[in-house]
Amino acid sequence: MAAATSVKDALRSPEPRESILVQGWVRTRRDSKAFSFIELNDGSSLKNLQIIANDTLPNYSDVQHLATGSSIAVRGRLAASQGKGQSWEVIAEELTIVGRADETYPLQKKGHTPEFLREIAHLRPRSNLFGSVFRVRNRLAYAIHTFFQERGFVYVHTPIITGSDAEGAGELFRVTTIDAKSPPRTADGQIDYAQDFFGRSAYLTVSGQLQVEAFACALSKVYTFGPTFRAENSNTSRHANEFWMIEPEMAFCDLGCNMDTAEELVKYLITDIRSNCPDEIELFGKFVDKELMARLDFVLDRPFQRISYTEAVELLLKSAQKFEFPVEYGANLQSEHERWLTEKHFRCPVTVFNYPKEIKPFYMRLNDDGKTVTAMDVLVPGIGEIVGGSQREERLDVLEANMQRHGLDPADYKWYLDLRRYGTVPHSGFGLGFERMLMFVTGVSNIRDVIPFARTPGSAEF
Ligand code: 4AD
Ligand code: MG
């Protein structure tokens, strides 16, 4: 028997075919006088393939009871379709029922809320919306690799289990094999992690940055792209406890070069998805976010607005907008502030740079003013922060002083300091939140709906 053809390939066949095998799940079925129409979907495309099952099929009485969600294999003829909106259909010569579904199948034709669909995260990829989200997720990952590979970046696999808190924010999930009921104790009664599996405390990584810096200081242009974990109790539509991050790191690159790369990457990804997932983007534009297309075009057409943190604070203070959180120099920009800048004021992506050193991590390079560091955040309409990065502190003495100021012990970061001890170079990098980027290109407003099985506070099902 010939190999099966995907629905996607069948629909774009250049000519009719005498014999074809297709397989997938029944989306809908309706009966006419002497035949049954089946809409078949196998997830290869948003579009279904229409199957015509004639009453001459030996198992026609079974076919007439085929319910939504059943899996079937169909052998037959690919012929020009009489129906509207499709070029080809399959006239079944043999229809095998592979697995039945009954009326308890939760994805019946009616519309479902995203909340309900989250409870059936194992079945939701069979819906049009989520099938589309996850095809775009796949393409986005591919495009990210293409972008960096075409520009000579080397892909580095940074560790998932690590001993260092890269962000110094203490949002770590501990990795341990210590028996919670009877942990070994030190003389002063603390749990003795020196007796733990790795002979020390270990955690799930919050960022691959520190390790990828080591590789940038050897291979020049590198990136890591993998899962990261944060034990932050933020129950928002933009935070997950397990998310993926793209972290490029470039030797001999300053803040300006870093901002250019981030902007180029975001634009490249939008262009790639627009041209490679047109059906999906059309669906999102119709059913998820009517402004989507216009917003994506708008972002491509213009340079991102660049302003310093100080200018941003001045604009926010001058604005007539009532904010829930007060705006003051030296405080973090809240999501509502970021969104005002990008959605209301500039109405385009905004790169904010040079933040006060107190509110940014220890590794950022101190500016000559002694007050600010070379941080940069890219903010986009609808989401807020999508990229966070900086030029790194490459001067050993300044870095050690930064660490002390942040209450970190330089002895814990000896290997990281070595990068400054031996052949140090100016270098920069950033982290692009993969899910936030996916939310931006799809218009999907909750991060839980762009992750196959999301992990958020109080929820680790599946
Ligand atoms: O700004 P962040 O915390 O930066 C870093 O981790 C740096 N080490 C990156 C670097 O310079 N190499 O995170 C970077 C991006 C954010 O801008 C956001 O898009 C995303 O990661 N992000 C999250 N996405 C989903 N859920 C969360 N809890 C996230 N926290 C950060
Ligand atoms: Mg950040």
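Numbering (our numbering), first residue to last: 4 to 465. Ideal Cβ positions, reconstructed from N, Cα and C, are used throughout, including at glycine.
To which residues of the same chain is residue i closer than 8 Å at the C-beta, ignoring the five residues directly before and after it?
i      : result
Glu19  : Note that residue 19 is Pro in the sequence shown, not Glu. Arg80, Leu81, Ala82, Ala83 and Trp91, listed in sequence order.
Leu272 : Leu143, Ala146, Ile147, Phe150, Met440 and Val444
Leu399 : Leu420, Arg423, Arg424 and Thr427
Of the choices the options, whose alpha-carbon is the least far from that of residue i?
i      : options                           : result
Gln198 : Gly192, Leu207 and Pro186         : Pro186
Thr99  : Phe38, Gln85, Leu69 and Ser135    : Leu69
Ala172 : Ala234, Phe349, Lys347 and Ala221 : Ala234
Phe232 : Ser223, Ile163, Met442 and Gln193 : Ile163
Asp421 : Asp45, Glu396, Leu143 and Glu106  : Glu396
Met296 : Met253, Ile386, Phe349 and Thr445 : Thr445
Leu222 : His160, Cys280 and Met253         : Met253
Lys417 : Val428, Pro429, Leu402 and His409 : Leu402
Asn279 : Leu49, Gly27, Arg129 and Ala6     : Leu49
Ile181 : Ala56, Glu170 and Gln193          : Gln193
Gly211 : Leu60, Asp168 and Thr239          : Asp168
Glu153 : Arg203, Phe176, Ala315 and Leu268 : Leu268
For residue i, verify whether its CB is less than 7 Å away from any heavy atom of the ligand 4AD.
i      : result
Ala221 : no
Val390 : yes
Ala146 : no
Ala243 : yes
Phe433 : yes
Glu438 : yes
Arg458 : no
Arg127 : no
Ser448 : no
With a threshold of 7 Å (Cβ to nearest heavy atom), would residue i be considered close to the ligand MG?
i      : result
Asp168 : no
Asp421 : no
Asp380 : yes
Quick one: residues in its chain with C-beta nearer than 7 Å to the C-beta of residue i, no 5 flanking neighbours on either side, listed in chain order?
i      : result
Leu258 : Phe356, Thr377, Met379, Gln394 and Ser431
Asn236 : Pro460
Asp195 : Pro187, Arg188 and Thr189
Ala243 : Glu438, Ile450, Ile454, Ala457, Arg458 and Thr459
Phe156 : Lys224, Val225, Tyr226 and Pro251
Ser338 : Gly387
Asp58  : Ala37 and Phe38
Val291 : Thr445, Gly446 and Val447
Val316 : Val330 and Tyr332
Suppose the cutoff is 6 Å on Cβ atoms and the five residues either side in sequence are ignored; what does the same chain contact list for residue i look like?
i      : result
Leu120 : Arg127
Trp343 : Gln324
Arg30  : Glu42, Asn44 and Asn51
Trp247 : Pro230 and Phe437
Phe133 : Arg127
Determine, using beta carbons only, whether residue i comes closer than 8 Å to chain B.
i      : result
Ala124 : This model lacks chain B altogether; it includes just one protein chain.
Pull the bridge partners of residue i from the DSSP assignment, please.
i      : result
Tyr358 : Val376
His430 : Ala254
Ser393 : Ala378 and Gly432
Val401 : Val401 pairs with nothing; no bridge assigned.
Met248 : Gly229 and Gly436
Ile284 : Answer is none; Ile284 lacks a bridge partner.
Unbroken stretches of the alpha helix (DSSP H), 4 residues or longer, contained in the segment 29-114: 63-66
Within the segment 183-216, ranges of the alpha helix (DSSP H) (whole runs, at least 4 residues): none
Those runs of the alpha helix (DSSP H) which lie wholly inside the segment 126-178 and span at least 4 residues: 131-153
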